[in-house]
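Note that this note's numbering has the sequence shown beginning at 64, numbered continuously upward.
Each residue gets a CB set at the ideal place from its N, CA and C atoms; glycine is no exception.
Structure first, then comments.
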Amino acid sequence: MNSDGSRARLQILIVDDEPAIRALLGEFMAQSGYGVTLAGNGTEALARLRETQFDLVLSDVRMPGMSGLELLAEIVRQHPSVGVLMLTACEDLTLAVSAMRLGALDYILKPFRLEEIAASVREALARKQNEIEQAERMKVLEQTVSERNEELRRVLERLHDASEVTLEALVAALDAREHETLAHSKRVSEYSLYLAREMSVDTVMLEVIRRGAMLHDIGKIGIPDSILLKPGKLSEEEWVEMQKHPRIGSWILDGIEPLRPASDIVLAHHERFDGFGYPHSLKGESIPIGARIFAVMDCLDVMTSDRPYRKAASYEAARGEIAAHAGSQFDPVVVQAFLKVPRDVWDHIRENTAHGYRTHFATAGFL
């Protein structure tokens, strides 16, 4: 948090309207090795924040004039790199929860023990440092993605003048990188297109849905192989990185005018109907219809395709799984439309896709 040698000690701002508590905390934090500044109210605290670069603010919730919550909101807005710990009485737990929602790292209940203060400060500083490092890693990732995809952007910008096989070759290469089954992205795009037609989706949207479904995982080009191809369970930090691929994919397509309309589907393809998906926890019809259709079709294809680590499930098993998650993972209206489609339609699309895939790439010299 402090790489500058002139700021070797971590700086803490203590804000409390009670002089005795303020002095006690200040002396304890100073004895613990921190640089300490005291403020008696929110207005004074903001003035100190403008003068000095602090690592952490330790503030009371209830103060005359500007409250601790109001101070917290200003710190989050004006000084986002500064962590905030709140001090609150037991009867103020509702305020403490509000503080966490506003961006506080944690809260400490009064009366407190000094050892508890020390532990909470150490944990809060470590958590803030981790947030800063995560933000820095995201900046590096964005730069890396930008550099790695310059050539990809130039290729994609010419797609509206290129043959469809070029797009399919690109998507096939992305599937192959993650050891996906043959033509997964192509197949799920054709499934999505068919179901969209069955649901009488606007004609203008049909090509958008097909393109969005085909390019749904293009953002994985920005995910390191060490994470994407890891055979075991991802760590929490690796999972955070993996969850960035919808944003990366949307960012790629946003920069390519012919594909920009499909970026919303790419961004939302891991959202859930019940709001527990990512990256934005969208719920219900706030999720683009193309992404809601894709979610069902992707589940069908993933379950009914062989993978390196398991054999394909039966169509009946996939159908039952989709029906069981209507209203939670999937849009129940989309599920009902899917359930009305006879199995042989999906089999026919699967066979045609495989045949067309091989024909296209044999003609182009790829097979």
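Can you name, in chain order, every residue of its own chain whose Cβ lies under 6 Å from the Cβ of residue i, other than the five neighbours on each side?
i	result
Lys-285	Position check: residue 285 holds Gly in this sequence, whereas Lys was assumed. Once the five neighbours on either side are set aside, the close Cβ partners of Gly-285 are Val-208 and Ile-311.
Ser-377	none
Asp-327	Pro-351
Arg-70	No answer about Arg-70 holds up, because its pLDDT of 42 lies below 50 and its placement is not dependable.
Ala-152	Lys-173
Ser-391	Asp-337
Restricting to Cα atoms, I'd like to know which of the options is closest to residue i.
i	options	result
Trp-314	Tyr-170, Val-329 and Ser-161	Val-329
Ala-389	His-411, Ala-358 and Glu-414	Ala-358
Leu-215	Ala-108, Glu-199 and Ile-281	Ile-281
Pro-309	Asn-104, Arg-273 and Ala-331	Ala-331
His-279	Pro-324, Phe-393 and Met-366	Pro-324
Ser-252	Met-262, Asp-364, Gly-131 and Leu-148	Asp-364
Pro-342	Lys-374, Trp-302, Asn-415 and Gly-103	Trp-302
Leu-132	Ser-161, Glu-210 and Leu-156	Ser-161
Tyr-254	Leu-322, Arg-72, Ala-83 and Ala-417	Ala-417
Met-163	Val-139, Ala-83 and Gly-318	Val-139
Pro-395	Gln-306, Glu-196, Gly-318 and Met-262	Met-262
Val-408	Lys-293, Thr-157 and Leu-256	Leu-256
Pro-174	Ile-195, Glu-137, Lys-296 and Ile-84	Ile-84
Gly-318	Gln-206, Lys-293, Met-201 and Glu-213	Glu-213
Pro-294	Arg-211, Val-264 and Arg-373	Arg-373
Arg-406	Glu-379, Ala-387 and Asn-415	Glu-379
Met-54	Lys-296, Glu-137 and Gln-306	Any answer about residue 54 is impossible in this case: the structure gives the chain only from 64 up to 430.
Given residue i, which residues of its chain have a CB within under 8 Å of its CB, disregarding the five upstream and five downstream residues?
i	result
Pro-287	Glu-304
Leu-258	Ile-356, Val-359, Met-360, Val-397, Ala-400, Phe-401 and Val-404
Phe-117	Gln-74, Ile-75, Leu-76, Thr-100, Arg-111, His-142 and Val-145
Thr-106	Gly-128 and Met-129
Ala-381	Cys-362, Leu-363, Met-366 and Thr-367
Gly-383	none
Asp-67	For Asp-67, the predicted model reports a pLDDT of 41, less than 50, meaning its position is unreliable; a value from the coordinates is still stated below. Correct list: empty, nothing qualifies.
Val-271	Pro-324, Ala-325, Ile-328 and Gly-353
Glu-179	Ile-171
Thr-115	Gln-74, Leu-76 and Thr-100
Ala-375	Met-366, Thr-367, Ser-368 and Asp-369
Ordered along the chain, which non-local residues of its own chain (more than five positions away) have a Cβ less than 7 Å from that of residue i?
i	result
Val-99	Ile-75, Ile-77, Gly-89, Met-92 and Ala-93
Phe-393	Phe-336, Ala-358, Val-359 and Ile-385
His-411	none
Asp-80	Gly-103, Asn-104, Asp-123, Met-126 and Pro-127
Ser-183	Leu-148, Asp-169 and Ile-171
Ser-289	none
Helix, strand or coil for residue i per DSSP?
i	result
Arg-85	helix
Arg-176	coil
Gly-275	helix
Asp-169	strand
Met-149	strand
Gln-392	coil
Gln-141	helix
Val-234	helix
Gln-116	coil
Leu-204	helix
Arg-185	helix
Gln-74	strand
His-411	helix
Ser-161	helix
Asp-265	coil
Thr-367	coil
Asp-337	coil
Arg-211	helix
Leu-292	coil
Arg-125	coil
Leu-297	coil
Gly-318	coil
Glu-99	Residue 99 is actually Val in this sequence, not Glu. Residue state, collapsed to three classes: strand.
Asp-80	coil
Taking Cβ to Cβ, would you say residue i is nearer than 9 Å to residue j?
i	j	result
Ile-356	Phe-336	no
Leu-150	Val-124	yes
Gly-353	Met-268	yes
Leu-119	Ala-187	yes
Leu-316	Leu-177	no
Tyr-170	Leu-204	no
Glu-334	Leu-322	no
Tyr-97	Arg-113	no
Gly-340	Gly-347	no
If contacts are defined as beta-carbon pairs under 8 Å, then residue i and residue j qualify, I think. What distance do you get, rounded to the angstrom?
i	j	result
Arg-413	Arg-274	Actually they do not touch by this definition, with Cβ atoms about 20 Å apart.
Leu-135	Ser-122	7 Å
Leu-168	Arg-190	6 Å
Ser-95	Ala-181	6 Å
Just checking: is the beta-carbon of residue i within a distance shorter than 9 Å of some beta-carbon in chain B?
i	result
Glu-210	Included in the structure is just one protein chain, with no chain B present.
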